[in-house]
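Residue numbers (this note's numbering): 2 to 263.
Just so it is clear, CB atoms sit at the ideal spot from N, CA and C, and this is done for glycine as well.
Below is one structure, written out as structure tokens; the observations come after it.
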Ligand code: 13P
């Protein structure tokens with residue numbers, strides 16, 4: 002079962018790059034991966050641009066028959082209607098978006114997204130056939146008060162609770178104190194939390210689902226430290242912020258296998 006979890010290398014651009022810059026970056030990234038004979042079946046590579054870039058990237062992927070995947074950074078919990086500024090999962094699906102980030106810590110922090118909102122957004126992703134990447138992680142204060150795995154477990158179970166049927170989903174463990182700070186969780190810490198998250202999913206939903214669930218690490222991942230995280234059989238990929246804005250660096254992360262032997 003474990004070997005069915007194809008590593009997922011996800012690049013969250015956050016609020017960076019307009020649609021023209023986006024095209025340039027994706028072209029560079031695709032070239033760099035092609036140059037290195039990247040096997041997308043051994044590591045899936047997905048970019049998460051801002052909404053305004055999605056159509057341009059979709060067109061580029063289509064025209065150049067790229068194997069890169071497309072993701073979105075958020076979606077509405079509603080399907081349509083009078084919700085100014087919101088983006089429906091239905092619109093994302095129409096743009097061939099496969100994955101959608103849900104509950105990123107920046108949404109929790111700056112947009113007051115609660116566990117209830119994140120559960121509803123997860124449901125919206127399931128309704129529209131999108132794969133939610135449910136982001137979980139503790140702040141520095143929570144780390145000090147509750148340790149490293151209590152908060153991510155609580156957030157994961159809250160997002161997955163109350164669905165009639167679970168669709169495909171991915172969990173991304175991103176300690177808030179490691180995002181954009183240059184502070185990185187150790188590979189051992191990431192593996193330990195991923196293992197505990199898998200155990201909690203197993204307890205709540207059964208061992209088969211737990212064994213099939215991909216759990217990513219995110220927070221200051223770079224080409225030089227990626228292999229450490231992915232060496233653990235518990236960590237099935239990475240969610241990369243800053244380093245995904247540099248085509249060469251992100252391509253180096255996607256080609257993590259070359260570092261594994263070192
Ligand atoms: P950095 O890689 O810039 O720390 O960001 C991580 C992140 O938040 C990805 O979603």
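- Between residue 248 and residue 26, the C-beta gap is smaller than 8 angstroms, which places the two residues in contact.
- In this structure, the CA atom of residue 108 is about 29 angstroms from the CA atom of residue 257.
- Residue 98 and residue 15 have their C-alpha atoms roughly 16 angstroms apart.
- The C-beta of residue 198 has 16 or more other C-beta atoms within 10 Å across all chains shown, which makes the residue buried.
- In this structure, residue 136 keeps its C-beta atom at 8 angstroms or more from the C-beta atom of residue 89.
- Non-local beta-carbon contacts of residue 21 in its own chain, meaning distances under 7 angstroms to residues more than five positions away in sequence, are absent.
- Boundaries of the alpha helix (DSSP H) around residue 128: 116–128.
- Cβ-Cβ separation between residue 183 and residue 221: approximately 5 angstroms, consistent with a contact (criterion under 8 angstroms).
- Per DSSP, the continuous beta strand (DSSP E) segment holding residue 218 begins and ends at 215–219.
- Spanning the alpha carbons of residue 55 and residue 45 requires a straight line of approximately 18 angstroms.
- Under the three-pair Cβ rule at 8 angstroms, the segment 6–15 counts as touching the segment 226–246.
- Listed as beta-bridge partners of residue 45 by DSSP are 9.
- Assigned with DSSP and collapsed to three states, residue 133 falls in strand.
- Looking at the DSSP output, residue 71 sits in a beta bridge with 48.
- Contact check between the segment 201–213 and the segment 115–134: fewer than three CB pairs, one atom from each, fall below 8 angstroms, which does not count as touching.
- The beta carbon of residue 224 lies closer than 6 angstroms to those of 250, 253 and 254 in the same chain, with the five residues before and after it left out.
- A direct Cα-Cα distance of roughly 42 angstroms separates residue 29 from residue 205.
- Residue 24 and residue 245 have their C-alpha atoms some 14 angstroms from each other.
- Counting of Cβ neighbours within 10 angstroms places residue 234 among the exposed residues, the total staying below 16.
- A straight line joining the alpha-carbon of residue 127 with that of residue 115 spans about 19 angstroms.
- Between residue 179 and residue 186, the gap from beta carbon to beta carbon is short of 8 angstroms.
- A distance below 8 angstroms between beta-carbons, with the five flanking residues on each side excluded, links residue 228 to the following residues of its chain, in chain order: 257, 260, 261 and 263.
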